[in-house]
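Have a look at the structure below, then the notes.
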Amino acid sequence: MSGNIFSYGKLLIASGGSVRASDFEKEFADKIFRLQTLEDAERIRDLVLRNKVNKVLIVGGGFIALEFAGIFLKFEIETSLVIKSKYFWEDYISEAGGVDIAEIFKKKHIEYFTDDEIFKIERTEESGIVVITRNRKKIYADVIALAIGITRNIELGRRVLNIGEGIKVDENLKVKTLPGMEEAGREVYAAGDVIEYFDAFSGKERIIGNWNHSFLTGHIAGTNMAGGSLKFHSTASYSIKSLDQVFTFLGDTDKKWADETIVRRLPLENKYTELFIKNGKLIGAVLINTFQLKPLLTKWIEEGRDLAQIKSALADSDSNLEIL
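Every position in the sequence shown, counted from 1, becomes a number in this note's numbering once 1 is added.
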């Protein structure tokens, strides 16, 4: 903290997040890629276009890891991937989905290591590195692409604001304050990765970190700061195309929060859908190459459709959801 004091009429907290620290980044900064800023992207592009990268190791099991994989394979760079979990997106999808994603990696010739992590890094005589994993695997690479998430910047206002995993806001994106601090929190709004809000569709407090969410909440907060009265009631979604596949998260995909999930799987067509059910209603979905279902499933989530009568049909991968 600098100790500087600033006056304001209205305040928007959109402090985002900082990349999660790595124990190896200080010593091997020249060998590590991130993908958070424009400068990060320009550095990757520069080294790739100058043929300085022939083999890369990606560390992490989320959307940024998929973004990295898509970039490197586009330039025919030999790619390996290490994740701590037993399979990709283990916190969100069933093991069958993990099997399907592993098959995608196999078809794209990505060397894939699960339930493992970096233990040690050494430099080689050829200006590269060798990574020794916890499971004693040796992986040779020119660079490491870190996709290990962010830490939210929520320290601002901690003594005043109601802060959980994020800065808690109401439906107008005005911040919630600690008891007795209401005046201090007047005309303070928050948006983007830092907010924690109540998702009426899934029934719990949530935090989300993606571009769609940041743009939408920024628009709503800015409008309300200018005298508007917009309310934030939106089904979260994020989608990317990578490795010639389309990956989409819709709504609340917290596997532990859902009462059950229903898997619709057509592995020969590289299609996978997992539906997340809470109190008999759809609260979220993971879609792999089934993006066309997004409008319908969004409607089901927002309308709170009771799925009790069609559960058996939902589990039939050949059934047409449009007519259920």
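Glycine included, C-beta positions come from ideal geometry on N, C-alpha and C.
Quick caveat, the model's predicted, so the values are computed rather than measured.
Of the residues G63, E183, S313, the one placed nearest F250, counting alpha carbons only: G63
Take the Cβ of L147 as the centre, count every other Cβ of all protein chains shown within 10 Å, and call the residue buried at 16 or more, exposed below. buried
Can you give the Cα-Cα distance for D143 and V100, rounded to whole angstroms? 28 Å
What residue ranges within the region 99-164 form continuous alpha helix (DSSP H) runs of no fewer than 4 residues, ordered along the chain? none
Residue span of the beta strand (DSSP E) that contains T249, given as start and end: 246-252
In terms of residue numbering, what span does the alpha helix (DSSP H) encompassing A201 cover? A201 -> no alpha helix (DSSP H), and no H or E assigned at all.
Given that a residue counts as buried once 16 or more other Cβ atoms are within 10 Å of its Cβ, and exposed if not, what is H214? buried
Expressed to the nearest angstrom, what Euclidean distance is found between the alpha-carbon atoms of G228 and I221? 11 Å
Rounded distance between the beta-carbons of I278 and D260, thought under 8 Å: 6 Å
Please report the distance separating the alpha-carbon of A97 from that of V287. 12 Å
Quick one: Cα of D117 to Cα of N173, how far? 43 Å
Should the region 151-168 be regarded as contacting the region 68-76, the criterion being three or more beta carbon pairs within less than 8 Å? no
Helix, strand or coil: which one does DSSP assign to R187? coil
Alpha-carbon to alpha-carbon, A191 and N5: 20 Å
Can you tell me which of the three DSSP states E77 falls into? coil
Helix, strand or coil for F89 per DSSP? coil
Between T274, K75, D47, G186, which lies nearest to I164 when the distance is taken from Cα to Cα? G186
Could you compute how far the alpha carbon of F248 sits from the alpha carbon of I140? 27 Å
Go ahead and label A237 buried or exposed: buried means 16 or more other beta carbons lie within 10 angstroms of its beta carbon, across all protein chains shown. buried
Element boundaries [alpha helix (DSSP H), containing F277]: That residue, F277, is in no alpha helix (DSSP H); its beta strand (DSSP E) goes 272-279.
Look up L1 in the DSSP assignment and say whether it is helix, strand or coil. Since the first residue shown for the chain is 2 and the last is 325, residue 1 is missing from the structure and cannot be characterised.
When you compare only the Cα positions, how much space is there between G210 and G193? 7 Å
If you drop the 5 nearest sequence neighbours on each side, which residues of the same chain put their C-beta closer than 7 Å to that of L74? T80, K109, L244
Let's see if you can read the secondary structure: which residues bound the alpha helix (DSSP H) around K300? 295-304
Three-state secondary structure (DSSP) of D307: strand
Test item: CB-CB of D253 and I284 under 8 Å: yes
Put S215 into one of helix, strand or coil per three-state DSSP. helix
Going by beta-carbon coordinates alone, are R265 and S313 separated by less than 8 Å? no
Tell me, which residues are paired with Y239 by DSSP? F250
Quick one: is W212 buried, meaning 16 or more other Cβ sit within 10 Å of its Cβ, or exposed? exposed
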